[in-house]
Amino acid sequence: MIEACGLSRTYGARSILDELSWTFPTGTRTHIDAPNGTGKTTLFRCLLGLEECRGSVAYQGGPLDVVRGAVGVVFDEPVVYPRLTGARNLALLGTAAPSDEGVLAALDLHPRLLARRVSGYSAGERKRLALGVCLASRPSYVLLDEVDAGLDVSMRGRVAELLRQLPWRPTVLLAGHNPPFFESIADEVVRLNAGRLERAA
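Going by our numbering, the sequence shown runs without a break in its numbering and finishes at 1466.
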């Protein structure tokens, strides 16, 4: 469970998050419907402790530091090492847990691709690698920002199926503005509107 309580963040005179409070129950998949520029990335960064904001965030009732190793994240711009191979990125960024071969297969992260340097990857290949790094260690909490960006239609379908079928049932937050894709995955849809979350009609 992730609990946000009274999160507020401003940039100058602009309010991005306004006393935002929400509870994401354990094991659920929630789509945060938020067009670009409405604060979804800021919300994720606050939930992850990457950006200062007023309010509090609790994971299973405790601080983020206690569960940080159990949190996986993919931002719109994937965080990978371009000078290293895909396999080396998985080894360095995927924690000490062994990679889940089912996850890698679903994302078409085959040995030939993983043997190449990431600097030669397409945008879609980088996104698939980042998602593989995120999921390979079976995190309890998964935060995905625009995870569909850069993926072709076929791979979007495979990613949706993968996220629906994750056997360890993590708490998943999916931010983006592609309702058909995200709603095929999510148990619940909420909207980020004027700095607060509201349940979709």
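No residue lacks a Cβ here, since even glycine has one placed at the ideal position from N, Cα and C.
In the DSSP secondary-structure assignment, Trp1287 is bridged to Ala1269. Ser1321 has Cys1270 as its beta-bridge partners, per DSSP. DSSP, reduced to helix, strand and coil, places Leu1439 within a strand of the structure shown.
A Cβ-Cβ distance of about 7 Å is found for the pair Ala1269 and Gly1320, placing them in contact under the 8 Å criterion. Per DSSP, Glu1390 is not a residue of any beta strand (DSSP E); the alpha helix (DSSP H) it occupies stretches across Ala1388 to Ala1401.
Setting aside the 5 residues that flank it on each side, Leu1378 is surrounded in the same chain by Gly1351 and Glu1390, each with a C-beta closer than 7 Å to its C-beta; the list follows chain order.
With contacts defined by Cβ atoms closer than 8 Å, Leu1313 and Val1336 form a contacting pair. Taking each of Ala1371, Arg1333, Ala1380 and Asn1301 in turn and checking the Cα distance to Ala1356, the smallest one comes out for Ala1380. Here Trp1287 is buried, its C-beta having at least 16 other C-beta atoms within 10 Å. Secondary structure note for Asn1354: its alpha helix (DSSP H) is the uninterrupted segment Gly1351 to Leu1358.
Contact holds between the region 1421-1438 and the region 1403-1411, because three or more Cβ pairs, one in each stretch, are under 8 Å apart.
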